[in-house]
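Take the sequence shown: its position 15, counted from the start at 1, is 14 in numbering that gives the first Met the number 0, and no numbers get skipped.
Notes for the one structure printed next.
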Amino acid sequence: MRLHRLEITAFGPFGSRQCVDFDALSAAGLFLLHGPTGAGKTSVLDAVCYALYGSVPGARQSGQGATLRSDHADAATRTEVTLDLTVAGRRLEITRQPPWERPKRRGKGTTMDKAQTWLREYDAAAGAWKDLSRSHQEIGEEITQLLGMSREQFCQVVLLPQGDFARFLRADAEARGKLLGRLFDTRRFAEVERRLAERRRATEAQVREGDAALLADAHRMQQAAGDAMELPDLAPGDPGLAEAVLTAAAVARSTAREQLTAAHCRLTAAEADRLAAGRALDDVRELARLQQRFAEARDRAERLAERAGAHEETRARMERGRKAETVAPALELRDAADAEHRRAAAADASARARLPERFHDAGAAGLAAAARRAAEELGSLESARRAERRLAGLLAERDEADQEERADADALQEAESWLAGWETTREALRSRVEAAQDAAGRAEQLAVRREPAQARLRAARERD
Numbered sequence: 000m001r002l003h004r005l006e007i008t009a010f011g012p013f014g015s016r017q018c019v020d021f022d023a024l025s026a027a028g029l030f031l032l033h034g035p036t037g038a039g040k041t042s043v044l045d046a047v048c049y050a051l052y053g054s055v056p057g058a059r060q061s062g063q064g065a066t067l068r069s070d071h072a073d074a075a076t077r078t079e080v081t082l083d084l085t086v087a088g089r090r091l092e093i094t095r096q097p098p099w100e101r102p103k104r105r106g107k108g109t110t111m112d113k114a115q116t117w118l119r120e121y122d123a124a125a126g127a128w129k130d131l132s133r134s135h136q137e138i139g140e141e142i143t144q145l146l147g148m149s150r151e152q153f154c155q156v157v158l159l160p161q162g163d164f165a166r167f168l169r170a171d172a173e174a175r176g177k178l179l180g181r182l183f184d185t186r187r188f189a190e191v192e193r194r195l196a197e198r199r200r201a202t203e204a205q206v207r208e209g210d211a212a213l214l215a216d217a218h219r220m221q222q223a224a225g226d227a228m229e230l231p232d233l234a235p236g237d238p239g240l241a242e243a244v245l246t247a248a249a250v251a252r253s254t255a256r257e258q259l260t261a262a263h264c265r266l267t268a269a270e271a272d273r274l275a276a277g278r279a280l281d282d283v284r285e286l287a288r289l290q291q292r293f294a295e296a297r298d299r300a301e302r303l304a305e306r307a308g309a310h311e312e313t314r315a316r317m318e319r320g321r322k323a324e325t326v327a328p329a330l331e332l333r334d335a336a337d338a339e340h341r342r343a344a345a346a347d348a349s350a351r352a353r354l355p356e357r358f359h360d361a362g363a364a365g366l367a368a369a370a371r372r373a374a375e376e377l378g379s380l381e382s383a384r385r386a387e388r389r390l391a392g393l394l395a396e397r398d399e400a401d402q403e404e405r406a407d408a409d410a411l412q413e414a415e416s417w418l419a420g421w422e423t424t425r426e427a428l429r430s431r432v433e434a435a436q437d438a439a440g441r442a443e444q445l446a447v448r449r450e451p452a453q454a455r456l457r458a459a460r461e462r463d
């Protein structure tokens with residue numbers, strides 16, 4: 000902000016219009032407002048503040064403008080302040096008139112005029128002033144926004160009261176602090192400072208607690224790391240403790256990593272040795288197992304060699320047994336056929352013994368003829384009927400005998416399958432079996448016909 004011109008009319012100690020050309024005053028640099036007490040130095044600053052914010056600093060603000068009017072002014076002269084300044088690159092002119100109690104134009108008495116404000120901006124292109132606003136609120140907001148300070152801040156920072164400034168120059172440090180605190184209303188800053196101090200103390204306590212915990216952890220780390228870690232000779236709360244502990248921990252960690260790498264290398268070498276030893280042990284165990292199997296096999300071979308003769312003898316017996324087992328069914332059939340033949344021969348001899356003597360040597364044909372004749376002779380007799388019934392039973396028995404014969408033939412066929420290589424023996428046995436069958440058939444026929452023949456013989460004897 001730069002002031003160019005200030006016009007004061009009926010303001011403070013100035014009863015008439017006064018103009019201050021700040022451009023001329025500041026042409027040589029700094030300038031000083033000086034004069035005896037009551038000369039109006041403070042009123043000039045009050046006029047600048049009033050032009051900007053519509054009020055003056057401190058206690059002089061009360062009275063709605065009545066106290067701003069000069070007691071030396073004519074009753075018809077209105078109080079007015081005009082300030083020409085440049086702020087934020089803009090050339091502005093502010094004119095303010097406080098409330099004014101003036102004489103009535105007609106009659107006697109006074110009337111009150113309201114306060115008025117004008118804001119204009121100089122247009123360099125047009126070379127003239129242009130009106131911006133006549134609203135107290137809009138002008139106040141515009142000036143506050145351009146200056147970036149409220150009235151209180153402006154009065155504390157830019158305008159320092161004359162008496163307070165003198166005391167400030169003569170006061171000691173403590174008094175200056177109190178004075179500046181009163182001038183700039185630093186109570187909130189003091190409160191902030193107090194709270195920051197409390198937070199600082201709390202933070203320092205937390206830092207000490209953290210440092211103590213950090214040192215405890217560092218001592219545990221040192222116990223684990225051994226001589227590889229050296230702790231700093233610092234107490235909790237000392238500056239640089241955390242960095243020193245971290246540095247020591249980093250060194251210990253680096254040393255531990257190196258030791259770990261070396262341990263890994265040793266572990267890898269030991270693992271390789273263990274694997275090699277394991278493979279060698281497996282080879283030795285396998286060799287021992289093979290040697291044991293070889294010894295067992297050699298012992299078994301020696302025992303088998305000792306029992307080779309007995310084994311050969313046993314195998315020969317088994318071979319003879321297998322051969323004997325092959326012909327055993329045929330031999331059994333042969334023995335059965337011989338027994339059957341003997342039974343048939345015995346039955347034939349027994350039957351012939353019971354016949355009359357003339358039939359002892361008779362052949363089958365003779366016996367058959369005799370039987371036929373006897374049957375013819377007895378055909379008319381009741382006994383012949385019984386003989387016929389008996390004959391039917393005998394025929395049934397013959398059928399059974401035929402079935403037995405067929406069973407014998409089946410057995411014989413089975414024997415033939417077993418005796419395929421023994422053709423000559425099989426033929427001989429078959430002949431003997433057939434002869435035995437014929438003999439058995441003849442014996443049965445003789446047995447069938449014996450009783451009728453005996454009956455006829457008895458009858459013939461009785462007739463004779």
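Glycine included, every Cβ here is placed at the ideal spot set by N, Cα and C.
Could you spell out where the alpha helix (DSSP H) holding residue i opens and where it closes?
| i | result |
| --- | --- |
| Ala50 | Lys40 to Tyr52 |
| Asp22 | Phe21 to Leu24 |
| Leu145 | His135 to Leu146 |
Around the Cβ of residue i, are there at least 16 other Cβ atoms within 10 angstroms (buried) or fewer (exposed)?
| i | result |
| --- | --- |
| Glu285 | exposed |
| Arg455 | buried |
| Gly11 | buried |
| Ala246 | Note on residue identity: the sequence assigns Thr, not Ala, to residue 246. Burial call: exposed. |
| Val191 | exposed |
| Gly53 | buried |
| Leu5 | buried |
| Glu92 | buried |
| Phe467 | This structure does not reach residue 467, given that the chain is present from 0 up to 463, and the question cannot be answered. |
| Arg551 | A question about residue 551 goes unanswered here, because the residues of the chain that appear run from 0 up to 463. |
| Ala338 | exposed |
| Thr477 | Limits of the chain in this structure are 0 at one end and 463 at the other, which puts residue 477 out of reach. |
| Thr78 | buried |
| Val283 | exposed |
| Pro451 | buried |
| Arg299 | exposed |
| Pro56 | buried |
So the beta strand (DSSP E) residue i belongs to, where does it begin and stop?
| i | result |
| --- | --- |
| Thr110 | Thr109 to Asp112 |
| Asp130 | Ala127 to Ser132 |
| Ala32 | The sequence shown places Leu at residue 32, rather than the Ala named in the question. From DSSP, Leu32 is part of no beta strand (DSSP E); its letter is neither H nor E. |
| Leu2 | Arg1 to Thr8 |
| Ile102 | In the sequence on display, residue 102 carries Pro and not Ile. Per DSSP, Pro102 belongs to the beta strand (DSSP E) from Trp99 to Pro102. |
Return the CA-CA distance between residue i and residue j, expressed in angstroms with no decimal places.
| i | j | result |
| --- | --- | --- |
| Ala470 | Glu173 | Summary: the structure shown does not reach residue 470, with the chain confined to residues 0 through 463, and so no result is reported for it. |
| Arg187 | Glu137 | 30 Å |
| Ala442 | Ala406 | 19 Å |
| Leu259 | Asp272 | 19 Å |
| Glu426 | Arg333 | 12 Å |
| Thr267 | Leu274 | 10 Å |
| Gln291 | Glu301 | 15 Å |
| Asp20 | His33 | 16 Å |
| Gln144 | Ala74 | 36 Å |
| Glu242 | Arg265 | 34 Å |
| Phe30 | Asp112 | 37 Å |
| Ser15 | Ser25 | 24 Å |
| Gln63 | Ala46 | For Gln63, the predicted structure reports a pLDDT of 47, less than 50, and the residue's modelled location is therefore unreliable. The matter cannot be settled from this model. |
| Ala249 | Leu289 | 58 Å |
| Glu203 | Pro238 | 11 Å |
| Gln453 | Asp347 | 16 Å |
| Ala9 | Arg105 | 23 Å |
| Val206 | Ala269 | 48 Å |
| Ser132 | Ile142 | 12 Å |
| Ala344 | Ala459 | 29 Å |
How is residue i classed by DSSP in three states: helix, strand or coil?
| i | result |
| --- | --- |
| Leu118 | strand |
| Val55 | coil |
| Thr94 | strand |
| Arg89 | strand |
| Leu245 | helix |
| Val447 | helix |
| Asp70 | coil |
| Leu82 | strand |
| Gly62 | Here Gly62 scores only 47 on pLDDT, less than 50, and its place in the model should not be relied on; the value that follows carries that caveat. Note: Gly62 maps to coil in three-state DSSP. |
Is residue i near the ligand GTP, judged by its Cβ being under 7 Å from some heavy atom?
| i | result |
| --- | --- |
| Thr254 | Only the bare structure without any ligand can be found here, which leaves the ligand GTP out of the picture. |
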